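Student: Reading the sequence shown from the start, the letters are residues 3 to 431 in this note's numbering. Ideal Cβ placement from N, Cα and C applies to all residues, glycine included. Keep in mind the model is a prediction, meaning the values are calculated, not measured.
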Amino acid sequence: MKRSAMWRSITMARYDEKILNALLDSFEKSVLSRGENKVKVQIPFPFTKRTVPEYFNESSLAYDEIHAVLEETEQKGFLTIVWKKGREGHIIEKVLLNTACVGAVYAYLNRTPKKENENRHLEILETWESKSREMPVLGTFVSYLKQRIEEGKTVKEFIDLSAPDRTEQILSALFQVESNEESCYIREFSIRHFGDSKIFEEISGVIGKIMRRFRPEFAHMDTDAILSEYRIYKTPDYVYFKGEGKLLLAGKDGSAIELSLLAQGIGISGADIKRIRICGKESIKKVITIENLTTFFRWEEETSLIIYLGGYHNSVRRELLRMVYQEIPDAEYLHFGDIDVGGFRIYRDLCEKTGIMFQTYHMGIRELKTYENYSKKLTDNDRKGLRMLIEKEKEEGGENLETLLYMQEKDVKLEQEAVSILCYNTRRE
3 MKRSAMWRSI
13 TMARYDEKIL
23 NALLDSFEKS
33 VLSRGENKVK
43 VQIPFPFTKR
53 TVPEYFNESS
63 LAYDEIHAVL
73 EETEQKGFLT
83 IVWKKGREGH
93 IIEKVLLNTA
103 CVGAVYAYLN
113 RTPKKENENR
123 HLEILETWES
133 KSREMPVLGT
143 FVSYLKQRIE
153 EGKTVKEFID
163 LSAPDRTEQI
173 LSALFQVESN
183 EESCYIREFS
193 IRHFGDSKIF
203 EEISGVIGKI
213 MRRFRPEFAH
223 MDTDAILSEY
233 RIYKTPDYVY
243 FKGEGKLLLA
253 GKDGSAIELS
263 LLAQGIGISG
273 ADIKRIRICG
283 KESIKKVITI
293 ENLTTFFRWE
303 EETSLIIYLG
313 GYHNSVRREL
323 LRMVYQEIPD
333 AEYLHFGDID
343 VGGFRIYRDL
353 CEKTGIMFQT
363 YHMGIRELKT
373 YENYSKKLTD
383 NDRKGLRMLI
393 EKEKEEGGEN
403 LETLLYMQEK
413 DVKLEQEAVS
423 ILCYNTRRE
């Protein structure tokens with residue numbers, strides 16, 4: 003076969019598959035596929051500049067090719083061509099799926115019917131029901147999928163019904179994540195449970211999405227932060243310290259690191275955090291947690307132990323903060339973050355999960371006014387989140403209500419870095 007003829011046959015086959023697959027997609031969304039139709043229902047594929055643009059392109063050869071392949075497909079009994087104004091061979095108005103031959107169409111395309119995929123998934127979900135009872139996210143997710151599939155509703159937000167093996171991987175990954183108790187890196191976790199270092203990374207996005215949907219406390223956290231809650235890390239998990247005090251590593255010769263001698267502080271890996279003890283506590287009057295790394299490196303404050311949180315804190319950082327609080331209960335506990343919805347969410351999460359009553363620091367109306375030239379307008383999502391925070395503050399009698407109301411009234415937010423650099427420059431002057 004000549005190259006041009008071969009290319010033409012490939013192109014024609016693609017038109018054939020594209021249109022038949024589109025018809026099956028419509029069929030699967032209709033009541034016909036579930037046998038629930040009360041009246042006769044047709045499954046059309048309209049010919050428009052949007053659905054088949056090349057058909058209406060006068061400089062393209064597609065017009066004749068499409069006619070040829072669809073007339074051949076009609077002869078197979080798969081569809082019926084509806085010609086515009088009844089003029090056969092002129093312009094196609096639409097094609098109609100021959101629902102009596104839908105099984106043959108599936109076979110022709112080597113495509114599994116949706117009903118079979120649904121039944122296969124229901125079998126998979128049934129095997130996971132008993133395993134998932136002690137798993138908050140997995141159990142809720144399995145029940146959600148089962149109900150949606152049984153009701154004929156879409157589940158494509160989380161899984162692809164045509165890929166049951168991938169669904170098995172997602173369910174297995176959720177189970178292993180919720181069961182995990184040992185600190186490890188993502189690729190180690192993947193090797194351990196899937197025998198491949200990359201599989202878990204491929205599905206980690208949907209794992210994070212499921213976690214955010216079915217565990218409210220994770221709703222505003224990114225996937226890496228969520229996984230770190232289960233001691234699964236993308237990179238080594240470090241906690242950074244600077245300021246007053248000394249760090250003593252238990253089990254060694256008793257020598258301590260004098261934090262005040264390290265201008266940029268020091269990072270301690272999550273694996274070593276449990277062995278850390280704070281000495282020189284009498285000089286520490288404040289414990290300040292900082293949301294952003296740039297601000298941590300920039301910030302200086304006398305008589306203060308400064309700890310970089312890195313956005314949402316994880317279990318390692320919470321254990322550390324509780325240990326610090328036990329050793330220095332009389333210090334003032336402060337949190338310095340962005341003056342925006344995310345910053346206040348992180349602050350609330352910090353207080354709730356550590357049980358320590360932190361106060362916000364440099365996150366008030368004064369900063370919004372002083373640095374208003376560096377502020378930004380709120381987005382629609384910001385405004386929505388702000389309304390929710392305001393309602394919670396009103397219910398709880400929170401101390402940040404005035405700041406949140408000011409942000410809402412003035413339509414502003416402010417990044418922590420703007421406050422830290424300008425404060426730093428002012429102090430130097």
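1) What is the DSSP secondary structure of T356, reduced to helix, strand or coil?
2) Taking all protein chains shown into account, decide if Q77 is buried (16 or more other Cβ within 10 angstroms of its Cβ) or exposed.
3) So E56 and A64 are in contact, right, with Cβ under 8 Å, and what is the actual spacing, rounded?
4) Got a sec? Which residues, its chain only, sit under 6 Å from K40 by beta carbon, not counting five neighbours each side?
5) For the segment 237 to 251 against the segment 298 to 310, are there 3 or more C-beta pairs whose distance is under 8 Å?
6) Report the start-end ranges of each beta strand (DSSP E) in the segment 81 to 144 that is 3 residues or longer and not cut off at the edges.
7) In terms of residues, what are the limits of the alpha helix (DSSP H) holding T225?
8) Using the Cα positions of E19 and L147, report the straight-line distance between them to the nearest angstrom.
9) Taking the straight line between their C-alpha atoms, what separation do you get for A7 and L34?
10) Is it buried or exposed, V179, if we count other Cβ atoms within 10 angstroms and call 16 or more buried?
11) For I341, write down the residues that DSSP places opposite it in a beta bridge.
12) My assumption, with CB atoms under 8 Å, is that L388 sits in contact with M365. Please give the rounded CB distance.
13) In angstroms, rounded to a whole number, what distance separates the CA positions of P138 and G210?
14) Just tell me which of I45, I286 and I259 has its CA closest to the CA of I278.
15) Please classify A333 as buried or exposed, where buried requires at least 16 other C-beta atoms within 10 Å of its C-beta.
16) Does DSSP put L264 in a helix, in a strand, or in coil?
17) By how many angstroms is the C-alpha of I94 removed from the C-alpha of I45?
18) Helix, strand or coil for V289? Go by DSSP, reduced to three states.
19) Compute the Euclidean distance between the alpha carbons of M213 and L176, then round it to the nearest angstrom.
20) Return the Cβ separation of V97 and V84 in integer angstroms, given the expectation that the two are a contact with Cβ distance under 8 Å.
21) Quick check on the DSSP output: the alpha helix (DSSP H) that includes P166 runs from which residue to which?
22) My understanding is that V414 touches L370, with C-beta atoms under 8 Å, so please give their C-beta distance in whole angstroms.
23) Confirm, please, whether the CB-CB distance from G247 to L261 is below 8 Å.
24) Return the bridge partner residues of R347 from the DSSP annotation.
25) Mind checking which residues open and close the alpha helix (DSSP H) that includes K211?
26) Whole angstroms is fine: what's the gap from C353's alpha carbon to T362's?
27) Alpha carbon to alpha carbon, how far is S285 from R320? Give it in angstroms, no decimals.
28) Taking all protein chains shown into account, do 16 or more other C-beta atoms lie within 10 angstroms of the C-beta of T291, making it buried, or fewer, making it exposed?
29) Roughly how far, in whole angstroms, is the beta-carbon of E293 from the beta-carbon of G357, given that I think they are within contact range, below 8 Å?
30) If you follow the beta strand (DSSP E) that F243 is in, where does it begin and where does it stop?
31) Report buried or exposed for K116, applying the criterion of at least 16 other Cβ atoms within 10 angstroms of its Cβ.
32) So, is V104 buried or exposed, given that buried needs 16 or more other C-beta atoms within 10 angstroms?
33) With DSSP run on the structure shown, which of helix, strand or coil describes K394?
34) Does the Cβ of G141 have 16 or more other Cβ atoms within 10 Å, making it buried, or fewer, making it exposed?
35) Report back the beta-carbon spacing between L406 and E395 to the nearest angstrom; my notes put them in contact at under 8 Å.
36) According to DSSP, what are the bridge partners of I309?
Tutor: So, from the data block:
1) As a working mapping, residue 356 is identified with position 354 in the sequence shown. Helix, per DSSP.
2) Here residue 77 is taken as the residue at index 75 of the sequence shown, counted from 1. Q77 is exposed by the Cβ-count criterion.
3) Taking the sequence shown and counting its residues from 1, the one referred to as residue 56 is at position 54. Taking the sequence shown and counting its residues from 1, the one referred to as residue 64 is at position 62. About 4 Å; that satisfies the 8 Å criterion.
4) As a working mapping, residue 40 is identified with position 38 in the sequence shown. Here K40 scores only 49 on pLDDT, less than 50, and its place in the model is too uncertain to base an answer on.
5) Of all C-beta pairs linking the segment 237 to 251 to the segment 298 to 310, three or more are shorter than 8 Å, placing the two stretches in contact.
6) Counting only runs of 3 or more, we get 81 to 85 and 94 to 99.
7) Your numbering for residue 225 matches position 223 in the sequence shown. That run of the alpha helix (DSSP H) goes T225 to E231.
8) Here residue 19 is taken as the residue at index 17 of the sequence shown, counted from 1. Here residue 147 is taken as the residue at index 145 of the sequence shown, counted from 1. Computed Cα separation, rounded: 30 Å.
9) Position 5 of the sequence shown holds residue 7. Position 32 of the sequence shown holds residue 34. In this prediction, A7 scores a pLDDT of 44, lower than 50, which makes its location untrustworthy; the coordinate-derived value is nonetheless stated afterwards. Going from the Cα of A7 to the Cα of L34 covers about 39 Å.
10) Taking the first residue of the sequence shown as 1, we reach residue 179 at position 177. By the neighbour-count rule (16 or more Cβ atoms within 10 Å), V179 is buried.
11) One-based indexing of the sequence shown puts residue 341 at position 339. Answer is L416.
12) In the sequence shown, the residue the question calls residue 388 occupies position 386. In the sequence shown, the residue the question calls residue 365 occupies position 363. For a cut-off of 8 Å, the C-beta gap from L388 to M365 is around 14 Å, too long to register as a contact.
13) Here residue 138 refers to the residue found at position 136 when the sequence shown is read from its first residue. Here residue 210 refers to the residue found at position 208 when the sequence shown is read from its first residue. Whole-angstrom Cα-Cα distance: 14 Å.
14) Locating residue 278 in the sequence shown gives position 276, where the first residue counts as 1. Of the residues I45, I286 and I259, the one whose Cα lies closest to the Cα of I278 is I259.
15) Here the question's residue 333 lines up with position 331 in the sequence shown. By the Cβ neighbour-count rule, A333 is buried, with 16 or more other Cβ atoms within 10 Å of its own.
16) For the purposes of this step, residue 264 is taken as residue 262 along the sequence shown, with counting starting at 1. L264 falls in the coil class under three-state DSSP.
17) Sequence index remark: in the sequence shown, residue 45 carries index 43 (1-based). Sequence index remark: in the sequence shown, residue 94 carries index 92 (1-based). If I take the Cα positions, the gap works out to 16 Å.
18) As a first step, residue 289 must be located in the sequence shown, where it is residue number 287. Three-state DSSP puts V289 in a strand.
19) Residue mapping note: residue 213 aligns to position 211 of the sequence shown, counting from 1. Residue mapping note: residue 176 aligns to position 174 of the sequence shown, counting from 1. Rounded to the nearest whole angstrom, the C-alpha separation of M213 and L176 is 9 Å.
20) The residue given as residue 97 occupies position 95 in the sequence shown. The residue given as residue 84 occupies position 82 in the sequence shown. Going by Cβ atoms, the distance from V97 to V84 rounds to 7 Å, so yes, they are a contact pair.
21) Working through the sequence shown from its first residue, we reach residue 166 at position 164. Segment P166 to S181, the alpha helix (DSSP H) holding P166.
22) Against the sequence shown, residue 414 aligns to sequence position 412. Against the sequence shown, residue 370 aligns to sequence position 368. Contact annotation, V414 with L370: C-beta distance approximately 6 Å; criterion of less than 8 Å satisfied.
23) What you label residue 261 is simply residue 259 of the sequence shown in a count that begins at 1. What you label residue 247 is simply residue 245 of the sequence shown in a count that begins at 1. Taking 8 Å as the Cβ cut-off, L261 and G247 qualify as a contacting pair.
24) The residue you call residue 347 lines up with position 345 of the sequence shown. None; R347 has no bridge partner.
25) What you label residue 211 is simply residue 209 of the sequence shown in a count that begins at 1. DSSP places K211 inside the alpha helix (DSSP H), whose first and last residues are I201 to F216.
26) Along the sequence shown, one-based indexing puts residue 353 at 351. Along the sequence shown, one-based indexing puts residue 362 at 360. When rounded, the separation of the alpha-carbon atoms in C353 and T362 is 10 Å.
27) Working through the sequence shown from its first residue, we reach residue 320 at position 318. Working through the sequence shown from its first residue, we reach residue 285 at position 283. Linking R320 to S285 through their CA atoms gives a straight-line distance of about 23 Å.
28) Locating residue 291 in the sequence shown gives position 289, counting from the first residue. Classification of T291: buried, given that the 10 Å Cβ count is 16 or more.
29) Sequence index remark: in the sequence shown, residue 293 carries index 291 (1-based). Sequence index remark: in the sequence shown, residue 357 carries index 355 (1-based). Not quite, the Cβ-Cβ distance comes to about 19 Å (not below 8 Å), so this is no contact.
30) Position 241 of the sequence shown, counted from the start, is the residue given in the question as residue 243. Per DSSP, F243 is one residue of the beta strand (DSSP E) stretching across Y240 to G245.
31) Residue numbering aside, residue 116 sits at position 114 when the sequence shown is read from its first letter. Label assigned to K116: buried.
32) Counting from 1 along the sequence shown, the entry for residue 104 is found at position 102. Counting of Cβ neighbours within 10 angstroms places V104 among the buried residues, the total reaching 16 or more.
33) As a first step, residue 394 must be located in the sequence shown, where it is residue number 392. If DSSP states are grouped into helix, strand and coil, K394 belongs with the helices.
34) For this step, residue 141 is matched to residue 139 along the sequence shown. By the beta-carbon neighbour count (other beta carbons within 10 angstroms, threshold 16), G141 is buried.
35) Start at 1 with the first residue of the sequence shown, and residue 406 comes out as number 404. Start at 1 with the first residue of the sequence shown, and residue 395 comes out as number 393. By a beta-carbon distance limit of 8 Å, L406 contacts E395. Their separation comes to about 6 Å.
36) Residue 309 sits at position 307 when you count from the first residue of the sequence shown. Paired residues: F243 and T291.
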